[in-house]
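In my numbering, the protein residues as written are 839 to 1040. Down below is the structure, laid out as structure tokens.
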């Protein structure tokens, strides 16, 4: 139901372009997807460091910091997973319109969920990175013991065990941590990303 008491003021506030000019960068939402243990968070952290060194203003969001705050009332049911991603995408869009480069690190296991995020952000501003790591490798890296708990039935709806993961068909870039080091993967991402976020005076 539409709330008639809401009166947006988008036409009265500074535009995204004004913020990008101030920050000397083009904002974007980088969306890193992959199984738990695939290397998403490590890649996201190293990518943020490299962008920071180059003078870019970024914000990194991941499952842990979001689910302990804005989404702490959500479970891991299919409905709540969708709501989790919807909120993240809406928050990301606000940051992006403020000129900030978002680095989002979420399993986001299904095509529908990622399409929802892309639709909210806008397809031209959605830079999808698929961290393609085999399930057995992710289990070997399972420092939190989550896969073991899922296989023992202690965690329900765990992606890759009793809940599916649908790999992206056409991501902006795909990295394979079993074939490349984290540093090589980050460099591969930078090579494709930098031309998109570097500010050019027209």
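From the three backbone atoms N, C-alpha and C, an ideal C-beta is built for every residue, glycine too.
Determine the extent of the beta strand (DSSP E) in which residue i is found, giving its start and end residues.
i: residue 942; result: 939 to 943
i: residue 867; result: 866 to 871
i: residue 1004; result: Segment: none, residue 1004 is in no beta strand (DSSP E) and carries neither H nor E.
So residue i is in the alpha helix (DSSP H); what residue range does that whole segment cover?
i: residue 880; result: 878 to 891
i: residue 982; result: Looking at the DSSP string, residue 982 is not in any alpha helix (DSSP H), and its letter there is neither H nor E.
i: residue 959; result: 949 to 959
i: residue 1026; result: 1020 to 1035
i: residue 966; result: Premise fails: residue 966 lies in the beta strand (DSSP E), 964 to 969, not in any alpha helix (DSSP H).
Exposed or buried, residue i, counting other C-beta atoms within 10 Å across all chains shown (16 or more means buried)?
i: residue 963; result: buried
i: residue 984; result: buried
i: residue 1030; result: exposed
i: residue 989; result: exposed
i: residue 801; result: Since the first residue of the chain shown is 839 and the last is 1040, residue 801 is not available in this structure.
i: residue 997; result: buried
i: residue 947; result: buried
i: residue 904; result: buried
i: residue 922; result: buried
i: residue 1023; result: buried
For the putative contact between residue i and residue j, defined by C-beta atoms under 8 Å, what is the C-beta separation to the nearest angstrom?
i: residue 967; j: residue 1033; result: The pair is not a contact, with the Cβ atoms about 16 Å apart (cut-off 8 Å).
i: residue 976; j: residue 874; result: 6 Å
i: residue 941; j: residue 1028; result: Between residue 1028 and residue 941 the Cβ distance is about 12 Å, and since that is not below 8 Å, they are no contact.
i: residue 872; j: residue 969; result: 3 Å
i: residue 929; j: residue 908; result: 7 Å
i: residue 924; j: residue 958; result: 7 Å
i: residue 1037; j: residue 864; result: 6 Å
- Query: Are the segment 935 to 954 and the segment 860 to 872 touching, with three or more C-beta to C-beta distances below 8 Å?
  - Reply: yes
- Task: Run through the segment 896 to 932 for me and flag every whole alpha helix (DSSP H) of 4 or more residues, listed as ranges in chain order.
- Result: 901 to 905
- Query: Does the segment 941 to 954 touch the segment 972 to 984, meaning 3 or more C-beta pairs lie closer than 8 Å?
  - Reply: no
- Task: Evaluate the contact criterion for the segment 880 to 891 versus the segment 1015 to 1023: three or more CB pairs, one atom per stretch, below 8 Å.
- Result: The answer is yes - the segment 1015 to 1023 touches the segment 880 to 891, with three or more Cβ pairs under 8 Å.
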